[in-house]
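Novice: As they're listed, the protein sequences go chains C and P. In terms of the numbering used here, the first sequence opens at residue 38 and continues consecutively. In terms of the numbering used here, the second sequence opens at residue 38 and continues consecutively.
2 protein chains.
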Amino acid sequence: MLERHGDEGDFVASDTVEAFIASLKRPRAIILMVKAGDAVDGVIDELSPLLDPGDILIDAGNSLFSDTDRRVGMAAAKGLRFVGMGVSGGEQGALDGPSMMPGGDRSAYDQLAPILTQMAAQVDGDACCSYVGPGGAGHYVKMVHNGIEYADMQVIAEIYDILRTTHGLAAPDIADIFAGWRDGDLSSYLLDITIDVLRRRDDATGGSLVDLVLDEAEQKGTGRWTAMDAFRLGVVGTSTAAAVGARVLSAGKVLRLRAAGVLDGPAATVRPLDAAATDDLSAALLAARIVAFSQGFDQIAAASKEHDWRIDLKAVAALWRGGCIIRARLLDRILDAPAREDSGDPLLLAPWFRDTLAQTQHGWRRTVGMATADGVPTPVLASALAYYDGLRQERSPANLIQGLRDEFGAHGYRRAGSDDPQHTDWARSGTDAQ
Amino acid sequence: MLERHGDEGDFVASDTVEAFIASLKRPRAIILMVKAGDAVDGVIDELSPLLDPGDILIDAGNSLFSDTDRRVGMAAAKGLRFVGMGVSGGEQGALDGPSMMPGGDRSAYDQLAPILTQMAAQVDGDACCSYVGPGGAGHYVKMVHNGIEYADMQVIAEIYDILRTTHGLAAPDIADIFAGWRDGDLSSYLLDITIDVLRRRDDATGGSLVDLVLDEAEQKGTGRWTAMDAFRLGVVGTSTAAAVGARVLSAGKVLRLRAAGVLDGPAATVRPLDAAATDDLSAALLAARIVAFSQGFDQIAAASKEHDWRIDLKAVAALWRGGCIIRARLLDRILDAPAREDSGDPLLLAPWFRDTLAQTQHGWRRTVGMATADGVPTPVLASALAYYDGLRQERSPANLIQGLRDEFGAHGYRRAGSDDPQHTDWARSGTDAQ
Chain C
38 MLERHGDEGD FVASDTVEAF IASLKRPRAI ILMVKAGDAV DGVIDELSPL
88 LDPGDILIDA GNSLFSDTDR RVGMAAAKGL RFVGMGVSGG EQGALDGPSM
138 MPGGDRSAYD QLAPILTQMA AQVDGDACCS YVGPGGAGHY VKMVHNGIEY
188 ADMQVIAEIY DILRTTHGLA APDIADIFAG WRDGDLSSYL LDITIDVLRR
238 RDDATGGSLV DLVLDEAEQK GTGRWTAMDA FRLGVVGTST AAAVGARVLS
288 AGKVLRLRAA GVLDGPAATV RPLDAAATDD LSAALLAARI VAFSQGFDQI
338 AAASKEHDWR IDLKAVAALW RGGCIIRARL LDRILDAPAR EDSGDPLLLA
388 PWFRDTLAQT QHGWRRTVGM ATADGVPTPV LASALAYYDG LRQERSPANL
438 IQGLRDEFGA HGYRRAGSDD PQHTDWARSG TDAQ
Chain P
38 MLERHGDEGD FVASDTVEAF IASLKRPRAI ILMVKAGDAV DGVIDELSPL
88 LDPGDILIDA GNSLFSDTDR RVGMAAAKGL RFVGMGVSGG EQGALDGPSM
138 MPGGDRSAYD QLAPILTQMA AQVDGDACCS YVGPGGAGHY VKMVHNGIEY
188 ADMQVIAEIY DILRTTHGLA APDIADIFAG WRDGDLSSYL LDITIDVLRR
238 RDDATGGSLV DLVLDEAEQK GTGRWTAMDA FRLGVVGTST AAAVGARVLS
288 AGKVLRLRAA GVLDGPAATV RPLDAAATDD LSAALLAARI VAFSQGFDQI
338 AAASKEHDWR IDLKAVAALW RGGCIIRARL LDRILDAPAR EDSGDPLLLA
388 PWFRDTLAQT QHGWRRTVGM ATADGVPTPV LASALAYYDG LRQERSPANL
438 IQGLRDEFGA HGYRRAGSDD PQHTDWARSG TDAQ
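1. Evaluate Met38(P) with the Cβ neighbour count: other Cβ atoms within 10 Å of its Cβ, from every protein chain shown; 16 or more gives buried, anything less gives exposed.
2. Under a CB-based cut-off of 8 Å, is Met138(C) close to chain P?
3. Going by the beta-carbon positions, is the gap between Ala254(P) and Gln439(C) smaller than 8 Å?
4. CB Ile211(C) to CB Leu235(C), shorter than 8 Å?
5. Quick one: what's Gly140(P) bridged to in DSSP?
6. Can you pull the chain C neighbours of Tyr450(P), defined as C-beta to C-beta under 8 Å?
7. Below 7 Å on C-beta distance, what does Trp218(P) contact in chain C?
8. Check the Cβ-Cβ distances between Gly134(P) and every residue of chain C, and say whether any is below 8 Å.
9. Anyone know if the C-beta pair for Val192(P) and Arg326(P) falls short of 8 Å?
10. Hey, is Gly271(P)'s beta-carbon within less than 8 Å of any beta-carbon in chain C?
11. Taking the straight line between their C-alpha atoms, what separation do you get for Asp10(P) and Pro309(P)?
12. If I follow the unbroken beta strand (DSSP E) through Asp96(P), where does it start and stop?
13. So which of Ala297(P), Arg442(P), Lys72(P) and Asn183(P) has the shortest CA-CA distance to Gly427(C)?
14. Go through its chain and collect everything with a Cβ distance to Ala188(C)'s Cβ below 6 Å, but skip five positions before and after it.
15. Counting pairs of beta carbons, one from the region 60-70 of chain P and one from the region 82-94 of chain P, are three or more of them closer than 8 Å?
16. Taking the beta carbon of Ile196(C) as the centre, do at least 16 other beta carbons fall within 10 Å, making it buried, or is it exposed?
17. Does the distance from the C-beta atom of Thr397(P) to that of Ala324(P) stay below 8 Å?
18. Please identify the residue among Leu356(P), Leu101(P), Asp75(P) and Leu69(P) whose C-alpha is closest to the C-alpha of Val94(P).
19. Would you call Leu300(P) buried or exposed, if buried means 16 or more other Cβ atoms sit within 10 Å of its Cβ?
20. Are at least three pairs of beta-carbons, each pair with one atom in the region 383-397 of chain C and one in the region 386-394 of chain P, less than 8 Å apart?
21. At the level of alpha carbons, what is the spacing between Met156(C) and Gly360(C)?
22. Would you report the Cα separation of Asp163(P) and Gly141(C), rounded to the nearest angstrom?
23. What does Trp357(P) reach in chain C if we use C-beta pairs closer than 9 Å?
24. Would a C-beta distance cut-off of 8 Å place Gly130(C) and Ala158(C) closer than the cut-off?
25. With a threshold of 8 Å, are at least 3 pairs of Cβ atoms found where one atom belongs to the region 256-267 of chain C and the other to the region 450-470 of chain P?
26. If I follow the unbroken alpha helix (DSSP H) through Ile363(C), where does it start and stop?
27. Any Cβ of chain P within less than 8 Å of the Cβ of Trp463(C)?
28. So what does DSSP say about Ile348(P), is it helix, strand or coil?
29. What's the gap between the Cα of Leu117(C) and the Cα of Ile81(C)?
30. What span of residues does the beta strand (DSSP E) with Leu69(C) cover, start to end?
31. Which residue wins for smallest C-alpha separation from Gly205(C), given the options Phe445(C), Val413(C) and Arg451(C)?
32. Anything in chain P within Cβ reach of Ser466(C), meaning under 7 Å, just list it in chain order.
33. Please return the same chain residues whose Cβ sits closer than 7 Å to the Cβ of Leu270(P), not counting the five positions on each side in sequence.
34. Express the C-alpha separation of Glu186(C) and Leu372(C) in angstroms, rounding to a whole number.
35. When the cut-off is 8 Å and only beta carbons count, does Ser287(C) lie next to chain P?
36. Could you give the residue range of the alpha helix (DSSP H) that holds Trp401(P)?
Spelled out as structure tokens, the structure:
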């Protein structure tokens, strides 16, 4: 690094941590990019005694938001200023500028803002970097970003699976179909790189490289954290939850091979793909993506309320427009929608989303229905549709659940139109049997 | 209580905790039935100083297993013996004997066993009470019991919803259909009380009471805990997760009413119910119930391994045969199946389950497909089917996900048949473009 950049003036080589710290101008600002967990606390413990009041520590790793909450407080007690900053962009972001989601000490962020906003990806002249909120707010938003990423990747994989399995298409042909969608409402980084991956040929065999990749998805934890915290908050995060479930199942390939020989399914039939079925698939992909983003923003809103973080959801959408993995045209639509904080509505009810879902729901239903009949698993496409139908359900069957809970556990229920808790002896048949 | 039972000799009235403790024979055994959480610690703190070494505390509430783990250790440090005991049975269980899932201090359980096994429900001469394992094992098994209960109730509610919405049937007619299934493989307590609830008439109006119950399901947390711990363990717990999501959605009735006016769905059509459709619904209910139990036992197995609890899964199935909310004929099938500990397989692969799923999968698919087309949400029926199809999938689309992860984050992937981690420049098109 120094060999390439040592003459640019901003890079310093140090043999010891002490020399490194001493070489920095005060107030010092140190960015940590360490594996989330105990290692972060270790580095903080090592650096803290060498720092002076007002110095700034920036954790730019994928730390769990509650750890960041704790560290912001711990650092403040020592007179230090702590910034927990979510960063998304991967390898390309490191070169072209990532999306940055800083939270924690506000004065520290304000001081760093000129540098950070310059480092970040730029979209329409705006930097994809702005203060998210106090404590762990920045890492929370990054966590949900990753949860949406899990769901969106899984939906793309489900559409790919249908094209491959039901329609018998090869990877380059599937890439061409995805390429036909890339300039419309589905325009997104994940779609673009899906096309790359599907088109990539293997240097050794000349075949499609994706066909040679082991079908066991790995995970590092942020998707799981997102799903778990949705449950803790009492919001619906089923898209991420289903995507995590699919990764777990995929990872058990030995078991899957065994189960494939034991469990029965529908007879496999390959059907040619026509234009109508192609449109249905793009409709399903767009609709499920909308649900994933809507659930994600709902979760951020709920967490913001719980922690009193006062996160500006539109500012989050703006941050995600460039540099990050889930950057997508959809985010412009979110910026155009009424603010979630004002309407209190999930994104789905905003005009463009409502209208788009009204158009896409038919193809979405046909896609899920066909995959269900064909035995192709579509956990996220199907759970997102169940969410859509559950949300718009005037009369849910939860009245039966409440009746059951009251019969077996005397948990009580409410009668429609009354606030008084009721309890009934359900085993008695009532009026007409008396 | 004392007015009714004071002459039976086993009940003592005490004005103070001190007098109460002093009145007990040593070693004392005290059952706590307190709301889970801080209240339990409060009672323990209050009682501990008054107790002698070897005395026994039994927490028979719905405590979180990790709290019980901690309390077993804390009590042992004070020379006390702590038993965390899951109890299921509700109101009826309190009279006829519940299912008991005791864990924690083994010597304490052995001492209490003669009394507890007498109090418990009896099935074929066996008490529904046996030692589950150390630490929080008993409360863990009770938690998963409740998770299965959430999933099973939601599946019943989804079938009810289809019968009500798609087929336009009234509650008593739906009860008759369920009654036609009660003597077969679907035989269960939850089905029995569903029939009660659907048949119950309102004393005031004479109409079906269930139609007057507010359709907002409540929850006390054990379903959510089950779903969260499945994620933490890295096992698939999608049935309970989807059921919890459905309860959350149902509870937001104000939002649902607003969304119902905004979000588009398929045109409502009521279709008569024929015998084939009825069979499809019972097939779907049985298949989804099997998945809920299979995921639950998988989760217990994973937790047992993590905590080294050495839980005997068949003993758990035996405990659940009587007294508890999820008692069902299915449990006898589980007792007949090869032991999960030996086969390492989920329940689905055992002969009776495999064969039953082979028969039921067609009706299950038609049920989910129809509900999907009709706009009736079936989150648990659909997610269970996605799990079934994902489990038996020889070739999952996770190869694409691994390719994407490697392109955006250089996370690496494995090539089928090789253990060496690979990394590729996916944006380059490969061989044929060179």
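From the three backbone atoms N, C-alpha and C, an ideal C-beta is built for every residue, glycine too.
Specialist: Taking the definition as stated:
1. Bear in mind that a pLDDT of 36 at Met38(P), under 50, signals an unreliable position, so the number given afterwards is only what the model happens to contain. By the beta-carbon neighbour count (other beta carbons within 10 angstroms, threshold 16), Met38(P) is exposed.
2. Cβ-Cβ to chain P under 8 Å: no for Met138(C).
3. Taking 8 Å as the Cβ cut-off, Ala254(P) and Gln439(C) qualify as a contacting pair.
4. Contact flag set, yes.
5. Bridge partners of Gly140(P): Gly121(P) and Gly170(P).
6. Val250 and Leu251, listed in chain order.
7. The CB of Trp218(P) never comes closer than 7 Å to any CB in chain C; the least such distance is about 16 Å.
8. Not closer than 8 Å to any Cβ of chain C, the Cβ of Gly134(P) fails to qualify, so no.
9. It is a contact, given that the beta carbons lie within the stated cut-off.
10. Yes, because at least one Cβ of chain C sits closer than 8 Å to the Cβ of Gly271(P).
11. Nothing can be reported for residue 10(P): it is not among the residues displayed for chain P, which extend from 38 to 471.
12. Judged by DSSP secondary structure, Asp96(P) falls within the beta strand (DSSP E) whose first and last residues are Ile93 to Asp96.
13. With distances taken between Cα atoms, Gly427(C) lies closest to Ala297(P).
14. Around Ala188(C), the same chain offers Ser276, Thr277, Ala280, Ala329 and Val417 as residues with beta carbons nearer than 6 Å, after the five sequence neighbours per side are excluded.
15. A contact exists between the region 60-70 of chain P and the region 82-94 of chain P.
16. It counts as buried.
17. Their beta carbons are under 8 Å apart, which means Thr397(P) touches Ala324(P) by this criterion.
18. The sequence as given places Leu at residue 94(P); Val does not occur at that position. With distances taken between Cα atoms, Leu94(P) lies closest to Leu69(P).
19. With 16 or more other CB atoms across the displayed protein chains lying within 10 angstroms of its CB, Leu300(P) is buried.
20. Of all C-beta pairs linking the region 383-397 of chain C to the region 386-394 of chain P, fewer than three are shorter than 8 Å, placing the two stretches out of contact.
21. If I take the Cα positions, the gap works out to 11 Å.
22. Roughly 58 Å between the two C-alpha positions.
23. Neighbours of Trp357(P) on chain C: none; closest Cβ ~14 Å, over 9 Å.
24. Yes; because the gap between Cβ atoms is below 8 Å, this pair is in contact.
25. With the cut-off at 8 Å, the region 256-267 of chain C and the region 450-470 of chain P do not touch.
26. Per DSSP, Ile363(C) belongs to no alpha helix (DSSP H) and is neither H nor E.
27. Chain P contact via Cβ: present.
28. When DSSP states are grouped into helix, strand and coil, Ile348(P) belongs to the coil group.
29. Between the C-alpha atoms of Leu117(C) and Ile81(C) there is a straight-line separation of about 11 Å.
30. Segment Ala66 to Leu69, the beta strand (DSSP E) holding Leu69(C).
31. Residue Val413(C) is the option with its Cα nearest to Gly205(C).
32. Correct list: Arg236, Arg237 and Arg238.
33. So the qualifying residues of the chain are Gln336, Ala339, Ala340 and Glu343.
34. Their Cα atoms are separated by approximately 19 Å.
35. Yes, its Cβ sits closer than 8 Å to a Cβ of chain P.
36. Boundaries of the alpha helix (DSSP H) harbouring Trp401(P): Pro388 to Asp411, taken from the DSSP string.
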